[in-house]
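K.L.:
Before we start, here is the structure in question, set down as structure tokens.
Residue numbers (our numbering): 10 to 155.
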């Protein structure tokens, strides 16, 4: 009877550990899905070819872009937490290690890509402001000359 009791305790403990690991993986995957959704939204915003048609519209776009860059920076913590969770799952010998590593790598790659795209878009918006400011200055000079 004692042997059976110890076997029951052991198997219950093992099952408890597996359930905790499965719960950690479920939590990790939920976080990954949230990040993937957010990354998709940001990628869509950064893919915009709208660089404004006049100085005020470009300034508005630049303000929105600055808010987006702040959001991207704020999500660095979430990406870091996701990496820590992935490390923890991989170290614990989680049964689905290849998928965990693949999802982590995909998130990190996409996050780095949106940071680069944000830099490119900011540069293009700043160049558009410079061009439109120059055009406005020329118009002001022409009207003054007339």
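Glycine included, C-beta positions come from ideal geometry on N, C-alpha and C.
Looking at the unbroken alpha helix (DSSP H) that takes in residue 56, where does it start and where does it end?
P.N.:
Here residue 56 refers to the residue found at position 47 of the chain shown. Taken as a continuous stretch (DSSP letters only), residue 56 belongs to no alpha helix (DSSP H), as it is neither H nor E.
K.L.:
Considering just the uninterrupted stretch of the alpha helix (DSSP H) at residue 89, what are its terminal residues?
P.N.:
Position 80 of the chain shown, counted from the start, is the residue given in the question as residue 89. Its alpha helix (DSSP H) spans residues 85–100.
K.L.:
Thinking just about the alpha-carbon of each residue, which of 74, 91, 66 is nearest to the one in residue 127?
P.N.:
Here residue 127 corresponds to residue number 118 of the chain shown, with the count starting at 1. The residue with the shortest Cα to Cα distance from residue 127 is 74.
K.L.:
So, do the stretch 28–40 and the stretch 101–118 have three or more beta carbon pairs nearer to each other than 8 Å?
P.N.:
The stretch 28–40 vs the stretch 101–118: in contact.
K.L.:
Along the chain, where does the alpha helix (DSSP H) that runs through residue 155 open and close?
P.N.:
Counting from one through the chain shown, the residue named residue 155 turns up at place 146. Segment: none, residue 155 is in no alpha helix (DSSP H) and carries neither H nor E.
K.L.:
In chain order, what residues of the same chain have a beta carbon less than 8 Å from the beta carbon of residue 64, not counting five sequence neighbours either side?
P.N.:
Looking up residue 64 in the chain shown gives position 55. Only 138, 141, 142, 145 meet the Cβ criterion.
K.L.:
Would you say the stretch 73–92 touches the stretch 146–153, given that touching needs at least three Cβ pairs under 8 Å?
P.N.:
Judged by Cβ distances under 8 Å, the stretch 73–92 makes no contact with the stretch 146–153, as fewer than three pairs qualify.
K.L.:
Apart from the five residues on each side of it in sequence, which residues of its chain come closer than 7 Å, Cβ to Cβ, to residue 39?
P.N.:
Within the chain shown, the letter at position 30 stands for residue 39. Hits under 7 Å: none found.
K.L.:
Can you give the Cα-Cα distance for residue 18 and residue 29, rounded to whole angstroms?
P.N.:
As a working note, residue 18 is residue 9 in the chain shown. As a working note, residue 29 is residue 20 in the chain shown. Rounded to whole angstroms, residue 18 to residue 29 spans 16 Å at the Cα level.
K.L.:
Where residue 108 and residue 88 are concerned, what is the direct C-alpha to C-alpha distance, given to the nearest angstrom?
P.N.:
Position 99 of the chain shown, counted from the start, is the residue given in the question as residue 108. Position 79 of the chain shown, counted from the start, is the residue given in the question as residue 88. Taking the straight line from one Cα to the other gives about 17 Å.
K.L.:
If you run the structure through DSSP and keep just helix, strand and coil, what is residue 29?
P.N.:
As a first step, residue 29 must be located in the chain shown, where it is residue number 20. Three-state result, residue 29: helix.
K.L.:
Taking only the alpha-carbon atoms, compute the straight-line gap between residue 122 and residue 135 and give it to the nearest angstrom.
P.N.:
Position 113 of the chain shown, counted from the start, is the residue given in the question as residue 122. Position 126 of the chain shown, counted from the start, is the residue given in the question as residue 135. So the two alpha carbons sit approximately 20 Å from each other.
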